[in-house]
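J.:
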Amino acid sequence: RSGVPVTPEQVLFTAGTQNGLCTALLTLVQTGDEVLVPDPYYATYEGLVAASGATFVPVATRPEDNFHVTAEAIERAITKRTRVLLLNTPSNPTGAVLTQKEIDEIGAVCERHDLWIICDEVYADMTFDVPFCSPFDRPHLRHRTLAVSSISKSHALPGFRAGWVASHPDITPRLVLVAEAMLFGSQPFIEDALAVALNEKHPEVERLRLAFRERAETLIKAFDGSQAITARMPEGGMFVMLDVRRTKLTGEEFAWQLLKEQNVSVMPGESFGKGGAGHIRIALTVDSEILRDACIKIRKLAEKLCSETK
Numbered sequence: 006r007s008g009v010p011v012t013p014e015q016v017l018f019t020a021g022t023q024n025g026l027c028t029a030l031l032t033l034v035q036t037g038d039e040v041l042v043p044d045p046y047y048a049t050y051e052g053l054v055a056a057s058g059a060t061f062v063p064v065a066t067r068p069e070d071n072f073h074v075t076a077e078a079i080e081r082a083i084t085k086r087t088r089v090l091l092l093n094t095p096s097n098p099t100g101a102v103l104t105q106k107e108i109d110e111i112g113a114v115c116e117r118h119d120l121w122i123i124c125d126e127v128y129a130d131m132t133f134d135v136p137f138c139s140p141f142d143r144p145h146l147r148h149r150t151l152a153v154s155s156i157s158k159s160h161a162l163p164g165f166r167a168g169w170v171a172s173h174p175d176i177t178p179r180l181v182l183v184a185e186a187m188l189f190g191s192q193p194f195i196e197d198a199l200a201v202a203l204n205e206k207h208p209e210v211e212r213l214r215l216a217f218r219e220r221a222e223t224l225i226k227a228f229d230g231s232q233a234i235t236a237r238m239p240e241g242g243m244f245v246m247l248d249v250r251r252t253k254l255t256g257e258e259f260a261w262q263l264l265k266e267q268n269v270s271v272m273p274g275e276s277f278g279k280g281g282a283g284h285i286r287i288a289l290t291v292d293s294e295i296l297r298d299a300c301i302k303i304r305k306l307a308e309k310l311c312s313e314t315k
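In the working numbering, the protein residues as written are 6 to 315.
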C-alpha cells in the first residue's frame with residue numbers, strides 16, 4: 006500500500022487491531038506513564054490505556070478544524086511522564102485524516118520529546134480526497150512508530166480477527182513476549198487469508214470505499230441548509246459526526262430523544278470523549294435509502310427542538 010519495505014522481523018500478527026493496540030501499549034508503558042490521545046477518540050482507548058497502568062491524557066481538537074489535532078496542542082500536553090502518542094487516522098468517530106505535513110509536524114514534537122507513536126490505521130484504505138499517510142511511512146519517524154491495522158474494515162472481515170503491528174525490528178521481540186501471554190498462536194488458514202487479502206488486488210475493497218463515500222455525500226446533502234444541524238464531510242472512514250449543539254441538548258439527550266420519537270439509533274458524541282459533546286455519530290453501514298430516511302427524521306427532530314428554544 007505504501008511502498009515501504011518491511012521484513013518479517015518487523016511484523017507481528019495479531020487478533021485484529023484491538024489486540025494489536027493492547028499489545029503495543031503493554032509493551033511500551035507502565036504505571037505512572039502518560040499516553041496522549043486526540044479527543045474525540047475511539048471508545049475503547051481509555052480502557053486500553055487503563056489496562057496498561059498508564060494515565061490517559063486527552064488532547065483537545067475543534068469541530069471547526071474538522072477535529073484535526075495540532076502539533077502545538079500535543080506539545081502543550083506533554084509532561085515529563087509522557088511516553089506515547091496514540092493516533093487514529095482516519096479517525097473513528099470524526100473521519101479526520103492527518104496530512105503528511107501534519108504527520109511531520111507532530112513527528113517533530115515526538116522527536117523533541119522522545120515519544121513513541123502508536124498509530125491505529127484500521128481505516129487506512131477508506132480515505133476519500135485526502136491521501137492516507139502513516140508516521141511509519143516517514144523514514145525519520147519509522148524507528149519510533151508502531152503501525153497497527155487489520156483487514157476488519159477494509160475487507161469487511163471483522164470476524165477473522167486478523168491484524169498486525171509493524172515496528173522497528175528491535176521492538177518486535179518485545180511485542181512477541183506480550184502477545185504470547187494473550188494469544189498463544191493463531192490459525193494458519195487465517196494468516197493465509199490475510200496474505201491473500203494484502204498481496205492481491207480485490208475490487209471489492211475499492212467498491213466498499215466508494216460506497217462509504219457516496220453515503221457520506223448523501224448524508225451531507227440531507228442536511229444542506231439546515232439551521233439546526235451542522236454536518237461536515239468526513240475525510241475518510243465509515244462515520245459522520247453531526248453537530249446538534251443548536252438544539253440546546255447534549256449529544257446523549259438528543260440520541261435518546263431521537264430513538265424515542267423517531268426510532269432512529271445513533272451514538273452520542275460524548276461516548277468518544279469531551280470533544281464529542283453536543284454531537285452524534287452516524288454510521289454509514291446501511292444503504293443510502295435507509296440513511297436518507299434516517300436523516301429526514303434526524304433533521305425533523307433537530308429543527309423542532311430549535312423552534313421550541315426560540
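For each residue, glycine too, the CB sits at the ideal point set by N, CA and C. Note that this is a predicted model, so its numbers are computed, not measured.
Using DSSP bridges, identify the partner residues of L247.
T.: Position 242 of the sequence shown holds residue 247. Answer is A236 and I285.
J.: Note the first and the last residue of the continuous alpha helix (DSSP H) segment covering C311.
T.: Counting from 1 along the sequence shown, the entry for residue 311 is found at position 306. Where C311 is concerned, the enclosing alpha helix (DSSP H) stretches over S293 to T314.
J.: Just confirm the distance between the C-beta atoms of L91 and V170, as a whole number of angstroms; I'd bet it's less than 8 Å.
T.: If you number the sequence shown from 1, residue 91 lands on position 86. If you number the sequence shown from 1, residue 170 lands on position 165. That pair is no contact at about 13 Å.
J.: Using DSSP with H/G/I as helix, E/B as strand and the rest coil, what is C124?
T.: Translated into the one-based positions of the sequence shown, residue 124 becomes position 119. Three-state DSSP puts C124 in a strand.
J.: Taking the alpha carbon of L120 as the reference point, which residue from R304, V40, E219 and M243 has its own alpha carbon closest?
T.: Within the sequence shown, residue 120 is the residue found at index 115, counting from 1. Answer by Cα proximity: V40.
J.: For V102 and A299, I'd like the C-alpha separation in whole angstroms.
T.: In the sequence shown, residue 102 corresponds to position 97, counting from 1. In the sequence shown, residue 299 corresponds to position 294, counting from 1. In a straight line, the C-alpha of V102 is about 26 Å away from that of A299.
J.: Give me the Cβ distance between A200 and C311, rounded to the nearest whole Å; I'm assuming they're in contact under 8 Å.
T.: As a position in the sequence shown, residue 200 is number 195, starting the count at 1. As a position in the sequence shown, residue 311 is number 306, starting the count at 1. In fact, because the Cβ distance is near 53 Å, the residues do not count as touching under 8 Å.
J.: Might you give, ordered along the chain, the residues of its own chain that have their beta carbon closer than 8 Å to the beta carbon of E240, omitting 5 neighbours on each side?
T.: On the sequence shown, residue 240 is found 235 positions in, with the first residue counted as 1. The answer, listed in chain order, is N71, P95, G100, A101, V102, T132, F133, D134 and V135.
J.: Helix, strand or coil for S3? Go by DSSP, reduced to three states.
T.: The shown model of the chain, from 6 to 315, leaves out residue 3, and the question about it has no answer.
J.: Mind checking whether F137 and A129 have CB atoms under 8 Å apart?
T.: Numbered from its first residue, the sequence shown carries residue 137 at position 132. Numbered from its first residue, the sequence shown carries residue 129 at position 124. Contact flag set, yes.
J.: If we count Cβ pairs, one from each stretch, closer than 8 Å, do we get three or more for the region 154 to 161 versus the region 192 to 208?
T.: The answer is yes - the region 192 to 208 touches the region 154 to 161, with three or more Cβ pairs under 8 Å.
J.: Leaving out five residues on either side along the sequence, give the residues of the same chain with a beta carbon under 7 Å from the beta carbon of R250.
T.: In the sequence shown, the residue the question calls residue 250 occupies position 245. G283, listed in sequence order.
J.: Taking Cβ positions, are A288 and F228 nearer each other than 8 Å?
T.: Residue numbering aside, residue 288 sits at position 283 when the sequence shown is read from its first letter. Residue numbering aside, residue 228 sits at position 223 when the sequence shown is read from its first letter. Contact flag unset, no.
J.: Does G52 pass the burial test, meaning 16 or more other C-beta atoms within 10 Å, or should it be called exposed?
T.: For this step, residue 52 is matched to residue 47 along the sequence shown. Looking at its Cβ environment, which holds fewer than 16 other Cβ atoms inside 10 Å, G52 is exposed.
J.: How do the region 18 to 30 and the region 252 to 264 stand: do at least 3 beta-carbon pairs fall below 8 Å, yes or no?
T.: The answer is no - the region 252 to 264 does not touch the region 18 to 30, with fewer than three Cβ pairs under 8 Å.
J.: Could you spell out where the beta strand (DSSP E) holding G168 opens and where it closes?
T.: On the sequence shown, position 163 is the one that residue 168 refers to. G168 to A171 is the span of the beta strand (DSSP E), which, as asked, contains G168.
J.: Is the region 58 to 70 touching the region 27 to 39, taking contact as three or more C-beta pairs under 8 Å?
T.: Cβ pair count under 8 Å is three or more, so yes.
J.: What number of angstroms, rounded off, separates the C-alpha of F194 from the C-alpha of A221?
T.: As a first step, residue 194 is located in the sequence shown; it is residue number 189 there, counting from the start. As a first step, residue 221 is located in the sequence shown; it is residue number 216 there, counting from the start. The alpha-carbon atoms of F194 and A221 are separated by roughly 35 Å.
J.: Does L33 come within less than 8 Å of chain C when only Cβ atoms are used?
T.: The chain inventory of the structure shown lacks chain C, comprising one protein chain alone.
J.: On a CA-only basis, which of F277, L17 and K305 is nearest L263? Give me that one, please.
T.: Taking the first residue of the sequence shown as 1, we reach residue 263 at position 258. For L263, the nearest C-alpha among the options comes from K305.
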